[in-house]
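Enquirer:
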């Protein structure tokens, strides 16, 4: 895929409220389907990147997977 260059600088997002981050952590734990290792990894990502949104991540991951799989047909 071609790279896109960004002309404007992205402004940092304000830090999310602790309760909002806790809710996101609980949501990503649910995405792990009981796998403790995956849950820990996702929670680590949430804690390291306050802008991480699991739903957007999954949407992008699904699109990338589809692109990769269809490229090998």
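Residue numbers (the numbering used here): 1299 to 1371.
Where is the CB? At the ideal position from N, CA and C, for every residue including glycine.
(1) What is the DSSP secondary structure of residue 1358, reduced to helix, strand or coil?
(2) Would you kindly work out how many angstroms separate the C-alpha atoms of residue 1348 and residue 1335, rounded to a whole number?
(3) Whole angstroms are fine: how far does the CA of residue 1363 sit from the CA of residue 1369?
(4) For residue 1325 and residue 1318, what's the separation of their Cα atoms in angstroms?
(5) Using C-beta distances below 7 angstroms, list every residue in its chain close to residue 1354, excluding the 5 sequence neighbours before and after it, in chain order.
(6) With a threshold of 9 angstroms between beta carbons, is residue 1368 in contact with chain C?
(7) For residue 1322, count neighbouring Cβ atoms within 10 angstroms of its own Cβ and tell me buried if that reaches 16, exposed if not.
Expert: In terms of the structure at hand:
(1) helix
(2) 20 angstroms
(3) 10 angstroms
(4) 11 angstroms
(5) none
(6) Of the chains in the structure shown, none is chain C; there is only one protein chain.
(7) Buried is the call here.
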